[in-house]
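Novice: Sharing a structure here in structure tokens format.
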């Protein structure tokens with residue numbers, strides 16, 4: 025299985041936060057799971073850190089690498105697809121994750137219920 029982590033899922037994983045659903049944690053831990061983090065997630069975290077709105081590791085990319093997670097770059101195809109998505113979700117970072125998951129065949133891991141409004145594979149979390 026190939027999964028793409030939403031920002032909050034990544035942060036909960038890195039912080040060993042109890043809000044991380046147990047099925048998400050088990051899937052991330054599964055050695056047969058390919059786990060990816062979008063460049064959009066790193067961008068979102070750095071913007072919110074700089075604005076003082078988020079507590080996250082300063083060495084985010086090191087933490088991602090230490091967990092053997094891949095980093096999914098943003099391509100022009102991803103950008104175009106995100107822009108063409110129906111305006112059901114206003115967050116541009118989330119729209120990028122949806123587009124990337126659709127194009128690259130990832131299952132998206134998020135507790136954001138608005139993701140289910142799109143034609144994207146979601147990891148069932150309960």
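In our numbering, the protein residues as written are 25 to 150. Think of the CB as a built atom: it goes at the ideal place given N, C-alpha and C, for glycine as much as any other residue. These numbers come from a predicted model, not from an experiment.
Tell me the DSSP secondary structure of residue 104 in three-state form.
Specialist: Reading the chain shown from its first residue, position 80 is the one you call residue 104. Of the three classes helix, strand and coil, the one that applies to residue 104 here is helix, per DSSP.
Novice: Looking only at its chain, what residues have a beta carbon closer than 7 Å to the beta carbon of residue 57, apart from the 5 residues adjacent to it on each side?
Specialist: Here residue 57 corresponds to residue number 33 of the chain shown, with the count starting at 1. Result list for residue 57: 25, 27 and 51, in chain order.
Novice: Out of curiosity, what's the CA-to-CA distance linking residue 145 and residue 127?
Specialist: Translated into positions along the chain shown, residue 145 becomes position 121. Translated into positions along the chain shown, residue 127 becomes position 103. C-alpha separation (whole angstroms): 11 Å.
Novice: Quick one: which unbroken beta strand (DSSP E) runs of 3-plus residues sit fully inside the stretch 41 to 96? Chain order, please.
Specialist: 58 to 62 and 94 to 96, all fully within the stretch 41 to 96.
Novice: Where does residue 98 sit, in a helix, a strand or coil, going by DSSP?
Specialist: For the purposes of this step, residue 98 is taken as the residue at position 74 of the chain shown. Three-state result, residue 98: coil.
Novice: Alpha carbon to alpha carbon, what distance is there between residue 117 and residue 108?
Specialist: For this step, residue 108 is matched to residue 84 along the chain shown. For this step, residue 117 is matched to residue 93 along the chain shown. Taking the straight line from one Cα to the other gives about 14 Å.
Novice: Which term fits residue 90, buried or exposed, when burial requires 16 or more other beta carbons within 10 angstroms of its beta carbon?
Specialist: Residue 90 sits at position 66 when you count from the first residue of the chain shown. Exposed is the call here.
Novice: Out of 65, 136 and 38, which has the shortest C-alpha to C-alpha gap to residue 53?
Specialist: For the purposes of this step, residue 53 is taken as the residue at position 29 of the chain shown. Closest by alpha carbon: 38.
Novice: Closer than 7 Å by C-beta to residue 73: which residues in its own chain qualify, once you throw out the five before and the five after it? Chain order, please.
Specialist: As a working mapping, residue 73 is identified with position 49 in the chain shown. Excluding positions up to five away in sequence, the list reads 80.
Novice: Please name the residue or residues paired with residue 28 in a DSSP beta bridge.
Specialist: One-based indexing of the chain shown puts residue 28 at position 4. Residue 28 pairs with 60 and 132.
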